[in-house]
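Novice:
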Amino acid sequence: MRESTRNADPAELAKFTALAQSWWDPKGPSKPLHDLNPLRLQYVARAVTLQGAQVLDVGCGGGILSEAMASAGARVLGIDLSQAVLDVAELHALESKVAADYRAIAAEELARERPAAFDLVTCMEMLEHVPDPAASVRALAALAKPGGEVIVSTLNRNPLAFAVAIVGAEYIARVLPRGTHEYLKFIRPSELARWGRDAGLELRDLTGIAYNPLTRSFRLSPTPAVNYLAHFSRPAA
-12 MRESTRNADP AELAKFTALA QSWWDPKGPS KPLHDLNPLR LQYVARAVTL QGAQVLDVGC
48 GGGILSEAMA SAGARVLGID LSQAVLDVAE LHALESKVAA DYRAIAAEEL ARERPAAFDL
108 VTCMEMLEHV PDPAASVRAL AALAKPGGEV IVSTLNRNPL AFAVAIVGAE YIARVLPRGT
168 HEYLKFIRPS ELARWGRDAG LELRDLTGIA YNPLTRSFRL SPTPAVNYLA HFSRPAA
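Position 236 (the sequence shown) corresponds to 223 in the working numbering; numbering is contiguous.
Laid out in structure tokens, this is it:
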């Protein structure tokens, strides 16, 4: 796939490439990902039996979720377009003795190469960073086996999400680097559900993620007001 045809924004890739060396520092710029990861894994494990499952983690970054799923018994391939963060992921997996594989390839390209190959496809905190998130959802659907699952997380687009995820997290609490998010790229649940339907997926669950700034802890919430997780299935027939 030529660079110009990739569903990726070079400026967004540069943001995350700059964080590569600190990706696994639990007190560094990626601290929110470390804090959030147990909850993400809990949600994934509730939806899918990870032991022995063939799993693809799209936009895997430095491999925080990929390693957790591999440690739970899944056979994991993590993909990303930043070679710098993949180098960090590979090194950390080697040091941690975790059997996770990584590859620099776009989801759309892998979907053409290995269609319907995975029991589970995850895509966490990536859709709000790509130029065409609907195309990404189509690729996720194409990569899942018939009867397989797709789980994504992203940010809702409303005034509360702007206040919490940008003003609060980036400017007041400073738990995220400034410029991490762009409000207009946030995705309403109705939009994500429509893209899923158009890609042939069935929405099984929509669950919010709530953050307590006093304890700096995350929990699942019935309201997808700011961050949220969505579980889709690809019909077996």
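Glycine residues also receive a C-beta, built at the ideal position from the N, C-alpha and C atoms. Note that the coordinates shown come from a computational prediction; the quantities given were computed from them, not determined experimentally.
Where does the unbroken beta strand (DSSP E) through H218 begin, and where does it stop?
Specialist: Unbroken beta strand (DSSP E) run through H218: N214 to S220.
Novice: If you draw a straight line from the alpha carbon of S58 to that of Q29, how long is it in whole angstroms?
Specialist: Distance between the alpha carbons of S58 and Q29: 13 Å.
Novice: With DSSP as the reference, label N143 as helix, strand or coil.
Specialist: Coil at N143, not helix or strand.
Novice: State the start and end residues of the unbroken alpha helix (DSSP H) segment that holds L179.
Specialist: Start and end: P176 to D185.
Novice: For A7, which three-state DSSP category applies?
Specialist: Note: A7 maps to helix in three-state DSSP.
Novice: Hey, how far is the Cα of E96 from the Cα of A7?
Specialist: If I take the Cα positions, the gap works out to 23 Å.
Novice: I'd like the span of the alpha helix (DSSP H) that includes Q70, first residue to last.
Specialist: Start and end: Q70 to S83.
Novice: Considering only their Cβ atoms, is the gap separating L216 from T194 smaller than 8 Å?
Specialist: Yes; because the gap between Cβ atoms is below 8 Å, this pair is in contact.
Novice: Can you tell which of S140, R62 and K18 has the C-alpha that lies nearest to the C-alpha of S123?
Specialist: That would be S140, whose Cα lies nearest to the Cα of S123.
Novice: The beta strand (DSSP E) spanning E189 covers which residue range?
Specialist: From DSSP, the beta strand (DSSP E) with E189 extends over E189 to N199.
Novice: What residue does the beta strand (DSSP E) around A87 start on, and which one ends it?
Specialist: Here the beta strand (DSSP E) through A87 covers A87 to A91.
Novice: Are the CB atoms of D67 and G39 within a distance shorter than 8 Å?
Specialist: It is not a contact, given that the beta carbons lie outside the stated cut-off.
Novice: Are there any heavy atoms of the ligand SAH lying less than 7 Å away from the beta-carbon of L73, as far as the coordinates show?
Specialist: Ligands in the displayed structure: none, and consequently the ligand SAH is not present.
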